[in-house]
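Read in order, the letters of the sequence shown are residues -14 to 273 in this note's numbering.
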Amino acid sequence: MSDFRLGLLGHPLSHSLSPALHNAALQYTGLRGNYRLIDIAPEKFTANSHLSLIDLLPEKLSGFNITIPYKEKIYQLVNEHTKEAIEIGAVNTVKIHPDGKLSGHNTDLFGFQESFLNYLNADLNGKNILLIGAGGAAKAVVAGLKQMEVGKIIVKSRNKDRLSSFIAETKISEQTKNISTQICSVDENNFDPSQISALINASPIGMQEEVLPSWLNDFLDQVPHDCVCFDLVYRKNKAKPAFAYAALQRKLPTIDGLPMLAYQAKEAFRYWTSFDVPAEIFLRALNL
Ligand code: NAP
């Protein structure tokens, strides 16, 4: 069997824990290969076709993950998509076939669902959710919340145009699939923090050691004591990112992004290699 040359494309990547995860899986399976970081700054990211994307990569790879800020961009550049990638409208895992064809998958949905189930396991059926961020990760979260049949997802983000197209895209799939979950932006909805059952951060807020925005601190003070908090952000050495830290200080049921990182890696490794490595291998690689 040939080597699995794998990697992570994104910027910045200094925070990445993905090499530890995939190296643990390679070791567990005995497969030959490696996993490297491919940090390309947005001004240098010139790919506009699948061929130019391959040219941009530093070596001939068998597959790669994609992180902030390229998930939605790569969706346009691959030749075919899995049903999860189509449903979410973003790609975080690409398989490169020997003829150069690229297949795009999204493993964030699996990562979100498995970590929610194993670490929070709250019943959100019919409940109201506040979601921060309107990028690739937020799209996977919306797909997961719809499957839980939550009542309303209220989305808060920074860039108003991006937020509007995010809401419009998710509304189209609501109509076509007859899904009962409603989705709206914060501006369209006068909501009361005491009516929120889950608070999910799918924005980069807290990736650095920054202070949490004051509106979010105030919000956390007003949610019910059983409001679940899911911070997709994670930091090295199990240090808590700002949102998860603030939620834990208020004794709210909380997880950060580490369990999701482990589960999404498990699904990516299966997609590339066909080996279904136990979740424990990935969780242990993160000391969870
Ligand atoms: P992305 O596509 O760049 O989207 C980020 C979104 O957050 C954008 O809508 C952005 O708005 C918004 N945003 C940025 N700063 C904000 C702020 N201060 N207030 C409100 N909204 C803000 O990134 P992504 O791929 O979705 O990733 C988002 C985060 O999730 C990253 O920290 C990533 O590491 C994490 N993540 C974790 C996992 C995991 O397994 N744990 C998986 C996926 C992602 P603009 O358009 O204005 O920039």
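Glycine residues also receive a C-beta, built at the ideal position from the N, C-alpha and C atoms.
Check                                                                                              : Outcome
Thr78 - DSSP class collapsed to helix/strand/coil                                                  : strand
Alpha-carbon to alpha-carbon, Gly121 and Glu57                                                     : 6 Å
Under the three-state DSSP convention, the category Arg17 falls into                               : coil
Where the beta strand (DSSP E) containing Leu(-9) begins and where it ends                         : Phe(-11) to Gly(-5)
Ile185 Cβ short of 7 Å to the ligand NAP heavy atom set                                            : no
Given 8 Å, three or more beta-carbon pairs between the region 197 to 216 and the region 224 to 237 : yes
Whether Ile117 touches Ala231 by CB criterion (8 Å)                                                : no
Cβ contact (3+ pairs, closer than 8 Å) linking the region 191 to 208 and the region 82 to 93       : no
Nearest residue (CA-CA) to Asn64, options Ala227, Tyr256, Pro263 and Leu36                         : Leu36
Where the beta strand (DSSP E) through Ile59 begins and ends                                       : No beta strand (DSSP E) contains Ile59, which is instead part of the alpha helix (DSSP H) from Lys56 to Leu62.
Residues bridged to Val213 (per DSSP)                                                              : Ala183
Contacting residues, own chain, Cβ-Cβ under 6 Å from Pro244 (five flanking each side not counted)  : Ser100 and Tyr104
Option nearest Ile138 by Cα separation, candidates Glu173, His66, Gln98 and Pro54                  : Glu173
Closest Cα partner of Gln249 within the set Val76, Phe151, Asn33 and Gly111                        : Val76
Under the three-state DSSP convention, the category Asn272 falls into                              : coil
Of the residues Ser1, Asn50 and Ala10, the one placed nearest Pro263, counting alpha carbons only  : Ala10
Glu65: CB within 7 Å of a non-hydrogen atom of the ligand NAP                                      : no
Exposure label - Ala153; buried when at least 16 CB within 10 Å                                    : exposed
For Leu233, the first and last residue of its enclosing alpha helix (DSSP H)                       : Ala227 to Gln234
Distance, Glu265 Cα to Glu28 Cα                                                                    : 38 Å
Nearest to Asn222 (by Cα), restricted to the options Gly18, Ala270 and Phe260                      : Ala270
heavy atom of the ligand NAP below 7 Å from Ala224 C-beta                                          : no
Whole-Å CB distance - His(-4) paired with Ala26, under 8 Å assumed                                 : 5 Å
Simplified DSSP state of Glu28, which is helix, strand or coil                                     : helix
Near the ligand NAP: Val218 beta-carbon under 7 Å from a heavy atom                                : yes
Three-state secondary structure assigned by DSSP to Gln193                                         : coil
Opposing strand residues paired with Ser88 [DSSP bridges]                                          : Glu65 and Lys80
Whole-angstrom distance between Asn202 and Tyr60, CA atom to CA atom                               : 34 Å
Reduced DSSP secondary structure (H/G/I, E/B, other) of Ile53                                      : coil
DSSP state of Thr239 mapped onto helix, strand, coil                                               : strand
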